[in-house]
Each structure stands twice: as C-alpha cells, then as structure tokens.
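In my numbering, the protein residues as written are 92 to 575.
All C-beta atoms in this analysis are idealised placements derived from N, C-alpha and C, irrespective of residue type, glycine included.
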C-alpha cells in the first residue's frame with residue numbers, strides 16, 4: 092500500500108504537467124529538455140518538504156503526516172490505526188515513498204529523468220479493478236438479499252427510528268432529524284438507490300469515500316453522516332426488514348492531530364479586534380455574517396473560552412446571576428431548552444466579563460426577552476433557530492473574513508483559536524488546571540487531557556472563576572466600542 096501511495100504522488104505530479112506536455116517528451120526517444128516544469132511556489136514547497144522529511148524520525152513522520160497519508164488511503168476504504176502492529180512499519184514505508192517521490196520530482200524539474208514511472212494501478216492491491224472471466228456455462232443464482240427490493244426506504248427507517256426513540260421516552264430533536272433527512276437525500280443522489288434492500292456495506296463505503304474525496308468534508312463530519320446511515324440500517328435490521336448488517340469498521344479513524352488548532356497570537360488578536368466591526372460599529376450585511384454575531388461571537392469566545400455552538404445557543408434564560416453569588420452574572424452553558432452540549436462536563440456557569448455589559452449585552456438580552464426569542468441572536472430567529480445552519484454560516488464567513496480582510500494566514504487558526512487563546516491567557520496568569528477545566532468545560536480531560544468523559548467535574552468556587560475571567564489581560568479591549 093505504501094508503494095501505491097508513492098506512485099499516486101508521482102502520478103498526480105505527472106498529471107499536473109500533462110496539459111503543457113509536448114509530444115517530444117512522449118516520443119519513443121523522449122526529449123527531456125521539453126519536459127514542463129511546475130511553478131516556483133510548487134518547487135519551493137517540495138524542497139522544503141524534502142529537507143523536513145529527511146530530518147524526521149518515523150515517529151515524527153507519523154505524527155505530522157498521518158492526516159496526509161490518511162487522505163490517500165481513505166480513497167480505497169482504509170483507515171489508519173495506530174494500534175496496529177504494522178503501523179510503524181507502514182509509516183516508515185510511506186516516509187520512504189514520499190522521499191522517492193521527491194527525488195522523482197527533482198529529476199523532472201532538472202529534466203534528467205522521472206518520465207517512465209509505474210502507474211498506481213500497476214501495483215497489486217485492492218485499488219485495482221479485477222475483471223472476472225465468466226465460466227463457459229453460467230449459472231444464474233437468485234439475487235442476494237442485499238440487492239433485492241423490499242419496498243422500504245431510508246425515510247421509512249427514519250420514521251421507525253423516531254417511533255423507537257419515543258417508545259422509550261428518548262428525545263427526538265428537530266435539528267437532528269433535518270441533518271438525517273439531508274444525509275438520506277444526499278446518499279440517494281450519490282448512490283441512485285432508495286430501497287434499503289439494495290443498500291449494503293459497499294454502497295455506504297462508497298458514499299463515505301465520496302464525502303472525503305469529492306466534497307472534502309472533515310473526518311468528523313463524514314463519520315457523522317455515515318453514523319446516520321448506520322443507525323437507519325440497524326433500525327431496519329431490528330425491525331426485520333433486512334437480514335444483513337453493515338458490519339464494523341465503516342467509520343474513519345480520526346488522526347490524533349486532526350483536531351489540533353493554533354491559538355491566535357497577541358498580534359493577531361490585536362488585528363482582529365482593531366477591525367471596524369469592533370471599533371466603529373461596521374456590519375457586513377450578507378446572511379453568513381449573521382448580523383450582531385459578527386461582533387459578539389468572537390468577543391465572547393476570546394474573553395470566556397466558549398465554543399461557537401455554545402455562544403450561538405445563548406438565550407435570555409442563560410444570562411443569569413449565579414445562585415450562590417447573585418452579584419456575579421454568568422453565561423449558563425446548559426442542555427435545557429433543547430440545547431445541545433457536547434459532554435456532561437461542559438454544563439457550567441461562566442462569569443461574564445464586566446466590559447460586555449457596557450458594550451450592550453444587557454440591552455441585547457432585554458431585546459431578545461421583549462421579542463420572546465429563544466436565543467439572543469436575530470440570525471437564529473431568521474433561520475428557524477437552526478444551530479447547525481447558523482454555525483455553518485458564521486464559520487464560513489469567519490474563514491473568508493480572517494483570510495481576506497484581516498490577512499491572517501497562520502496555519503491552524505479558526506474560530507476555535509479564540510478558545511485556545513483564552514486557555515493560554517489563563518496559563519500565563521498562573522491559574523491551575525481546575526480553574527481552566529471549570530471555565531472551559533473540560534472534565535478530567537479536554538485540551539488539558541481528553542474530551543468526553545461522563546464524570547462530574549469538581550466544583551470550583553464561582554468567585555475564583557470570576558476573578559480569573561475579570562483578571563485576564565486583553566489589551567485590545569479598551570479600543571472596542573459599544574454596539575448600538
């Protein structure tokens with residue numbers, strides 16, 4: 092498989108040159124002097140990569156290039172596993188394959204060779220399409236159960252799934268159903284299938300790989316969509332509509348470094364909050380800018396370490412004084428009111444930075460309460476209180492805004508970088524882990540360990556949390572003007 096990976100790199104480089112390839116290079120006696128060259132930028136990137144790879148150990152390579160390798164082997168339905176006994180050997184082979192490719196790249200750039208390389212399909216393996224020759228006397232067995240129409244669709248499975256949930260008094264969220272329905276429609280459009288009798292493991296894996304290779308979704312998003320299909324087919328199996336399960340290992344393994352993001356630097360924070368959105372009341376009017384969220388979401392995220400979905404779900408009922416200290420106003424991160432919270436440990440009280448009250452937060456809460464809105468933000472009301480849609484809109488806006496308007500090009504910076512900047516500020520101020528965990532919603536893990544535990548977090552005095560929030564140093568804060 093590592094050989095296939097290496098030849099795939101060589102083939103992609105070859106294809107990049109083909110549009111400008113003259114016949115002289117393809118002749119029986121090729122003229123290497125006519126071999127097209129890649130751009131100066133491409134050459135510099137390849138040289139830098141070669142220098143870097145040659146200094147790496149296999150462990151270093153596995154840590155920094157696993158996501159890159161996974162992007163290739165995902166195409167053939169394979170997910171890398173660090174627990175495999177062959178993992179180190181495979182990554183070593185991939186390191187060698189990349190270095191071989193870089194040598195071929197250099198030969199092509201210097202016009203000294205690299206034109207008679209094997210095609211990936213010439214490497215024996217599951218990526219090759221095997222054509223079976225039918226026997227001279229063919230038999231025609233009945234179609235297997237997995238390819239027989241049975242008169243039930245994935246939408247029928249979704250209705251059955253809801254029925255099962257309600258029977259055991261489990262919640263069925265409208266937003267979750269919308270995402271499920273969207274996945275059903277997308278899968279049907281891709282596969283051309285609607286009857287679940289025709290849907291099997293092969294079709295689900297093909298859809299999974301399509302999401303990664305064609306649509307470029309993150310692994311977490313791919314797994315979520317595959318999870319919908321898996322749940323629906325399991326529902327069909329339990330209902331007796333089908334007789335074959337999808338089987339295991341249909342989800343992609345998330346590389347250890349997949350969710351790593353960089354904090355915004357002090358200079359980047361200064362650049363962000365010096366923008367006229369925060370200093371002059373400027374508002375972008377496109378739908379994806381989400382009205383007042385373009386001012387409030389980055390500010391709350393940076394000053395409180397909250398993630399965007401938590402901020403988007405804030406409502407008049409979740410801005411409240413702490414029951415043990417009424418003088419401390421807090422954001423209440425909760426699953427009440429049909430809200431979604433990622434883990435038990437993220438349910439918490441976060442003291443509100445006092446400057447936000449002067450910047451108009453109190454008025455915002457009052458307006459939302461007067462208009463009887465569930466959430467603080469007008470963009471939520473405009474989009475049917477759809478958290479996923481608004482979150483997606485704003486994430487898209489922020490990506491374009493930070494790159495094009497703010498000129499922030501640092502790799503790994505996203506909206507999540509505000510949360511990391513908040514954590515760094517707490518660390519700089521010398522606050523212990525229990526303060527960070529209580530404020531940021533980590534249990535015994537999180538960014539200081541591991542997300543997702545069900546263990547109840549240790550109780551920290553709210554006054555200590557308030558002191559940490561109010562005492563954090565944010566030099567940019569004095570220049571921010573009230574939003575009116």
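According to the DSSP secondary-structure assignment, residue 420 is paired through a beta bridge with 412. Assignment of residue 277 by DSSP, reduced to helix, strand and coil, places it in the helix class. Within the segment 433-494, the complete alpha helix (DSSP H) runs of at least 4 residues fall at 453-461, 469-473 and 478-491.
Taken in chain order, the complete alpha helix (DSSP H) segments of 4 or more residues contained in the segment 245-319 are 245-258, 265-282 and 292-304. The three-state secondary structure of residue 146, taken from DSSP, is helix.
Within the same chain, Cβ atoms closer than 7 Å to the Cβ of residue 481 are found at 381, 403, 470, 471 and 474, the five residues on either side in sequence being excluded. Nearest in C-alpha terms to residue 562, of all of 320, 131 and 521, is 521.
Nearest in C-alpha terms to residue 465, of all of 444, 187 and 406, is 406. Assigned with DSSP and collapsed to three states, residue 402 falls in helix. Take the alpha-carbon of residue 184 and the one of residue 93: they are about 6 Å apart. Within the same chain, and ignoring the five residues on either side of residue 303 in sequence, the residues whose Cβ sits closer than 7 Å to its Cβ are 165 and 313. When only Cα atoms are considered, residue 526 and residue 329 end up about 46 Å apart.
In this structure, residue 124 keeps its C-beta atom at 9 Å or more from the C-beta atom of residue 199. Of the residues 498, 502, 492 and 153, the one whose Cα lies closest to the Cα of residue 376 is 492.
Taking C-beta separations shorter than 6 Å and ignoring five residues to either side along the sequence, the partners of residue 468 in its chain run 384, following chain order.
If you compare the alpha carbons of 335, 290 and 339 with that of residue 170, the shortest gap goes to 339. Residue 206 sits in coil when the DSSP states are folded into three classes, being neither helix nor strand. Around the beta carbon of residue 159, a 10 Å sphere encloses fewer than 16 other beta carbons of the protein chains shown; the residue is thus reported as exposed. Straight across, the Cα-Cα distance linking residue 374 with residue 285 is about 44 Å. Membership of residue 194 in the alpha helix (DSSP H) is indicated by the continuous run 178-201. The Cβ atoms of residue 256 and residue 263 lie closer than 9 Å to each other. Looking at the backbone, the Cα of residue 443 and that of residue 551 are separated by about 16 Å. With a cutoff of 9 Å on beta-carbon distance, residue 182 and residue 101 are scored as not near each other.
Judged by DSSP in its simplified three-state form, residue 96 adopts helix. Less than 9 Å separates the beta-carbon of residue 126 from that of residue 206. The DSSP-derived three-state label of residue 159 is helix. The residue from 565, 490, 320 and 497 with its alpha-carbon nearest to that of residue 519 is 565. Taking 8 Å as the upper bound for CB-CB distance, residue 327 and residue 275 are not in contact here, some 13 Å apart.
C-alpha of residue 489 to C-alpha of residue 216: approximately 42 Å in a straight line. Between the beta-carbon of residue 530 and that of residue 396 there is about 6 Å, and that keeps the pair under the 8 Å contact cut.
Under the three-state reduction of DSSP output, residue 140 falls in the helix class. In terms of CA proximity to residue 146, 190 leads the group 134, 190 and 272. For residue 551, no alpha helix (DSSP H) encloses it, and the DSSP letter there is neither H nor E.
C-alpha of residue 460 to C-alpha of residue 413: approximately 19 Å in a straight line.
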